[in-house]
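In what follows, a structure is listed as structure tokens, so that the remarks can point back to it.
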Amino acid sequence: MNASNSSEGAVVTMERTFKAPVKLVWEAWTNSEHISKWWGPKGMETKVISHDFHVGGSWQYSMQMPDGKEFLSEGVYKEIVEFRKIITSADFKPMTEGVELQMLFEDQGETTKFTFKVIHASEAYRIQQEQMGIYNGWGSVFERLASYLNT
849 MNASNSSEGA VVTMERTFKA PVKLVWEAWT NSEHISKWWG PKGMETKVIS HDFHVGGSWQ
909 YSMQMPDGKE FLSEGVYKEI VEFRKIITSA DFKPMTEGVE LQMLFEDQGE TTKFTFKVIH
969 ASEAYRIQQE QMGIYNGWGS VFERLASYLN T
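Residue numbers for the sequence shown follow the numbering used here, beginning at 849 and rising by one.
Structure representation (structure tokens):
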């Protein structure tokens, strides 16, 4: 999916300011060792299966749910602008498939303004994802990231 082909009604946007310089926030998003420490909602442990961070490279993470079930997330990097932007396809099996994630990083000195967009195939799919708790899920992930950045 290409964001330019989607309507704004198909987009979930979340913004957050992290109390860390952009270089540190970027490292947390791009380094496998860091990703495994914060990726996934609270209560899930993440294993990085593969992480080939370059345009055209793929990533795959396994998250263990508290009930022991495995939740796979994977995608292919479409665009990377160092310290500014990451765009990737994303599938979160079995719950969400065929979305695009856009992570935008804005250097504000000692803090980083972070804008996160999930581009869905349609407004109806976005609404379904909202009903399933997309804001709570990603909100929990960003809370974990904020805590990790402070360690």
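Virtual Cβ for every residue (Gly too), placed ideally from N, Cα, C. These figures come from a predicted structure and were not determined experimentally.
Non-local beta-carbon contacts of D955 in its own chain, meaning distances under 6 Å to residues more than five positions away in sequence, involve V870 in chain order. If you draw a 10 Å sphere on the C-beta of T936, you find 16 or more other C-beta atoms in it, and that means buried. Contact check for F931 against F953 passes: the beta carbons are separated by less than 8 Å. Judged by DSSP secondary structure, R974 falls within the alpha helix (DSSP H) whose first and last residues are E971 to M980. Scanning H968, Y909, K885 and H902 for the CA closest to the CA of K926 turns up H902. Residue pairing from DSSP places T959 in a beta bridge opposite Q956.
Taken through DSSP and simplified to helix, strand or coil, K871 comes out as helix.
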